[in-house]
Every structure is written in C-alpha cells, then in structure tokens.
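For reference, the structure discussed in these notes is given below.
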Amino acid sequence: MKALILYAYPPEPDGLSIQGHFLYKGFLENKEEATPCHPEAGLQKMWYLKNFKPNVSLGIGYWANTPIIVHDQQKYNTIPIPWYNADGWVANYHDTLNKLPLVLTTSDWVKQTYARDGVETKNFVPMHIGIDTNASKPLPQKEVQKVREMLGVKKDEKMILTIGGDVTSKGAQEMLQALAKIDQEFPKWRYICKTWPSDSAYGHHREEKALIEELGLDKKKITFLEGCYSQEFIPFLLNAADIYAAPSRLEGFGMLQVEAMACGKPVISIDAMGPKETIINGKTGFLAKVASTVNLEEEWVYPWMGFSEKKKIKFETPKVFAYRADTDDLARDTLNLLANDELREKMGKNAREHAVKNFHYTVTSKKIINLIKTRFDIS
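For the sequence shown, the UniProt record's numbering gives the first residue as 1, with consecutive numbering after it.
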C-alpha cells in the first residue's frame, strides 16, 4: 500500500501535527510506503498525487479541513480518508462526508458528534491516536528531581500538572475549585499549569488569576508556565508530576493524558468524551462525573467554513459545546491520590502498562493499515 499522509509537516508542536507524524512513522515501521505532506502545500501535494500515485491519502484535521484533505484528492485516483477530531459542532460538508467510503475519528465520542449533527456515520470508524511510549516513559529520579527543583517544588510537596494550549479548556478552573476544597486537609501541594503562547491562553489566564483570588488560594502554590516546549522535553515535565490532571471541557481524544499514563502517572479527568475511552476509572486514574454542560442554541458560521457569508445558524435543539467536571469528585479523587503514595504508584504502573499495550503508534497505525487493506482490498 502507498499512502500520502497529510498533516502539518515538518512536524509542529501541536496535537494534530504530532498525531499525523506518529501515523506516518507507524506506516513506515509497519513496512508500508508512505510520504508526509502539508495539506496546504498545494503544488507539492499535487506533485505527490501525480507522481507518487498513492492508493490512499490520510488527512488529519476536522470537518472544516475537508476541502484540503478530501476534495483535492478526489480529483485523482486516490481514496481520501480523513481522520477527524471534533470542534464543538459539524457545520458543513455533510454531503461530502456522507459519500466517503471510510472516515476515521479519534474517538467514538467524535463519531457520535458527527451523527448528532446530521452526518451519516455508517462508514465512520473510531481509531485512537498513537504516541511514542519509548519517549514518554518513566525517567530516572535524579533527572526528574532537577525539573522539580527548577519549578520550585519542595521535596515534601506533591505536584499536580495540567498542560494545554490554554489550561482552561483542560479543566484548570475546575481543578482550582477542587484544590480549594482540600487545601486545609492536605496543604502540601503545588499546581503547575503549562500553556503555549497565545491570545486565548493569556485571556483565560486572567480568569484563572481572578478565580485564585476569589477562592483564597495561596498564589505561591500555583505556577503558570508559558513557552514552546519541544516534544522531547514534555516527558521530563510529565515525570516531574505526581498527578496529571485534565478534566477537559472539550476533548476528542486527550493525547497528553495518554502520554502522562505512559510516563507512569495516574490521570484525573472527566467521565465523558475521549478520556472516557482512554482512562480506566479506578485503575489508571479517576474520572469525575459531568456536573453540567454548556449548551448553545445558535452559532456563527464564516466563509472559511465553506459558507458564502458570515451568518448565524439557529439549532432546532440546543447542542452541547462543552462539559464541566464535578468539583466534589475532583476534590475527592485528588485528595485520595495526594495522600496515598501506594495508590499513586500502583495506578501509575497500571497506566504505563495500559498505554504501552494500547497506544504505541505502531499498534494504532497497524490497526488503521489492516482496516484500509481489508476495506479496499489493497495489498
């Protein structure tokens, strides 16, 4: 089989690009022919389609990327297979998606979102994202301790970590509320929030600062990190933590949660969306129940979404656009892990085994390869 893999290439430090790069590496290590290409590299992409002549092209993105990861490839004798995430709701390209012989989604929840919004999903198949469990792994304590010292974490303190483009979408505000509930009972904690530089992260950071003031939490126990950290350094940060926390508000998969498990860390998240499919509640971490949802009755659409003009779309029934984890559950589970070293170690070991068995990129890529070969009778 010959495959053109469309993602932000050369690799960039964001989830979609990393997702595509591990798929590309997985194809190569499973002895399949594959070529990576940026989906917006028009001339280069056309050259590959004409000269490399791939059987299939796999495009990483979400529904709004359909023109560049589906439409372009349909002009050639190449089968387009999008691997989609979700982004609140599916606003356009239903006719195209309904006719595709195969669409991959990063979780069953993503598939359900497309079905909710009127897409026929009989040819949709959930396929989890792969990670490198040889890079995301438990590291020597000496190296980990250096990172903790640089972060100002004392030896008798337990470190909780959340990482995201902005940590608000990863549930940082819910975690702050949970920490306020247990601060008196277990005061020796530090909360590290790592974001990437962006207007969104900066704006949300002001919300977190206001919430910290409102809750009366000690500002010295909460650190906000900003910077473009490499994929090679992230495992050091994950290893420095005692607990990884991401009760996300919107999460189609949760790559960092899986990488944290691969590093041998128990994960606290939410019993919904992608995390419900990747974290084993009570074994590799804890899943807090959903306390509430954010439901919208209308939303704006724009020309870049494939519409002729900017306009507002009203929904027949409100759509769930985000979730909020129960802070009492988060408080209970966080306290349980903070106070119980044996439980943390046991869950961390389980988490590592679970990640290696199910999420190494060669494993996930092999599932995709086998599916494509069977579906299209390709050798």
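In this text, a Cβ means the ideal position worked out from N, Cα and C, and glycines have one as well.
Every value quoted in this text rests on a predicted model; they were computed, and no experiment measured them.
For residue i, which residues from the same chain have a beta carbon less than 8 Å from its beta carbon, with the 5 sequence-adjacent residues on both sides left out?
i	result
M305	A64, A91, N92
Q74	P80
Q44	C37, H38
A135	Q231, E232, P235
A241	M159, I160, L161, I192, A260, K265
E309	P303
Quick check: what's the CA-CA separation for residue i versus residue j?
i	j	result
D193	E185	Note on residue identity: the sequence assigns Cys, not Asp, to residue 193. So the alpha carbons of these two residues sit roughly 22 Å apart.
M347	Y323	25 Å
I69	A41	11 Å
Y7	I182	43 Å
residue 384	P318	Since the first residue of the chain shown is 1 and the last is 379, residue 384 is not available in this structure.
V56	P67	16 Å
L215	A260	28 Å
residue 387	G61	No statement about residue 387 is possible, as the shown extent of the chain runs from 1 to 379 and does not include it.
L217	L4	51 Å
L23	P54	16 Å
T133	G254	15 Å
D14	T195	12 Å
S226	A180	Sequence inspection shows Glu at residue 226; the Ser mentioned does not correspond to that position. One C-alpha to the other measures close to 24 Å.
residue 401	D199	Residue 401 lies beyond the stretch modelled for the chain, which goes from 1 to 379, so this question has no answer here.
Drop a sphere of 10 angstroms on the beta-carbon of residue i, count the other beta-carbons inside from all chains shown, and report buried for 16 or more, exposed for fewer.
i	result
L343	exposed
H71	exposed
N77	exposed
N51	exposed
F359	buried
I131	buried
T106	buried
I372	buried
K312	exposed
D329	buried
D341	exposed
A34	buried
G26	buried
D156	exposed
Residue j and residue i - do their beta-carbons sit closer together than 8 Å?
i	j	result
L337	P266	yes
L176	I212	yes
M159	R116	no
A325	A288	yes
L102	V119	no
C263	P138	yes
Y244	Q231	no
L104	P82	yes
I369	E32	yes
A178	A355	no
residue 380	T278	The structure shown does not extend to residue 380, since the chain is modelled only from 1 through 379, so no value can be given for it.
T223	L151	yes
What does a CB cutoff of less than 7 Å around residue i pick up in its chain, not counting 5 residues either side in sequence?
i	result
T153	This sequence places Val at residue 153; Thr is not what is there. M159, R190, listed in sequence order.
Leaving out five residues on either side along the sequence, give the residues of the same chain with a beta carbon under 6 Å from the beta carbon of residue i.
i	result
A86	V110, T113, G252
T293	V320, Y323
Y84	Y62, T105
K314	E298
Are three or more beta carbon pairs between the region 163-175 and the region 202-209 nearer than 8 Å?
yes
Specify whether the region 359-374 and the region 296-311 touch according to this definition: at least 3 beta carbon pairs, one from each stretch, less than 8 Å apart.
no
Under 8 Å: do the region 241-251 and the region 273-280 share three or more Cβ pairs, one atom per stretch?
yes
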